[in-house]
Structure formats: C-alpha cells, structure tokens
Amino acid sequence: MTDTTEDSALPIEPAEQRPPKLLDLPERLDLNAADELAEALEHLRETPLDLNAARVSQLSALCLQVLIATKRQWDQDQAPLRIIDPSEAFTSGLERLGVPLDFFVQGEVA
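Numbering-wise, the UniProt record's numbering puts 60 at position 60 of the sequence shown, and it's gapless, one number per residue.
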C-alpha cells in the first residue's frame, strides 16, 4: 500500500509567539485546591499562560510548590508563564513562604 498524501503539516508557532491563555486562580489556594490546580495546569502545558491571582485570599505552601514546579516546567518548555494582578493576600503569602513575586518573572528563588 502506498501513501499518496502530501505532507500538509502547518508550521508550529513557537510558544513564546502565541497569545497567552488566562487561568483564574481560585480564591483559596489551600491543600484542597492543590490536586485540581496541578491537573488544570498539566492540561495547559506548553501553552503561554497568564495566571490571574486577583481573587486569591489564601496561599498554602503546597499550592505554592505546584506554582513553582509549573513555572520551572514552563521555563524548560520555553513557554511564557506570568502571574497577573496578584492580590495582597497572594503577594503576602509569597513573602511569608519566602518566594519573591519576581520569581514568576525571573524564575529563580534566592
């Protein structure tokens, strides 16, 4: 049997050139939210992503670990990931847990 179809694959646009998808983070990023957050992020892997942290009122260490792992994976995949509109509670949660907001821009924890 001979394959007579032509290679009609379209060129794949690099991740950094695609517009980001928006994911609204839940109000409570606590132990109960960690699995669901990890699963939602896994489905968006290699996709430019903006994480809207405007509604976050609680940030647990476990959810922060999920976000750090996600940032590192996106960096490895060369796909942009940003935290946008962080609430005061999100920012203070980062500070309390020793992670600067800049980590989600620069990708390094001091």
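Glycine residues also receive a C-beta, built at the ideal position from the N, C-alpha and C atoms.
None of these values were measured; they are calculated from a predicted model.
Measure from the alpha carbon of residue i to the alpha carbon of each residue in the options, then state which is nearest.
| i | options | result |
| --- | --- | --- |
| serine 57 | Asp102, Arg28, Leu23, Pro100 | Arg28 |
| valine 66 | Ile84, Arg18, Lys21, Ala40 | Ala40 |
| lysine 21 | Leu51, Leu37, Ala38, Glu42 | Leu51 |
| isoleucine 68 | Pro19, Val105, Gln17 | Val105 |
| aspartate 77 | Leu97, Glu42, Asp102, Asp24 | Glu42 |
| arginine 18 | Ala38, Leu49, Leu25, Glu36 | Leu49 |
| arginine 55 | Leu62, Leu97, Ile83 | Ile83 |
| leucine 25 | Cys63, Arg45, Glu46, Gly98 | Cys63 |
| glutamine 73 | Glu46, Leu101, Leu97 | Glu46 |
| leucine 97 | Ala61, Glu88, Asp35, Leu23 | Ala61 |
Count the other CB atoms within 10 Å of the CB of residue i; is the residue buried (16 or more) or exposed (fewer)?
| i | result |
| --- | --- |
| serine 8 | In this prediction, serine 8 has a pLDDT of 49, which is less than 50 and means its spatial position is unreliable; what the coordinates show is noted afterwards. The residue is exposed, with fewer than 16 neighbouring Cβ atoms inside 10 Å. |
| proline 86 | buried |
| leucine 93 | Checking the sequence shown, residue 93 turns out to be glycine, not leucine. Looking at its Cβ environment, which holds 16 or more other Cβ atoms inside 10 Å, glycine 93 is buried. |
| alanine 33 | buried |
| alanine 79 | buried |
| alanine 53 | buried |
| leucine 31 | exposed |
Identify the continuous beta strand (DSSP E) that holds residue i and give its terminal residues.
| i | result |
| --- | --- |
| aspartate 50 | 49-52 |
| leucine 31 | Counting along the chain, leucine 31 falls outside any beta strand (DSSP E), though it belongs to the alpha helix (DSSP H) covering 31-42. |
Which residue or residues does DSSP assign as beta-bridge partners of residue i?
| i | result |
| --- | --- |
| lysine 21 | Leu49 |
| leucine 81 | Leu49 |
| arginine 55 | Partner(s): none; arginine 55 has no beta bridge. |
Alpha helix (DSSP H) containing residue i: first to last residue?
| i | result |
| --- | --- |
| arginine 72 | 61-77 |
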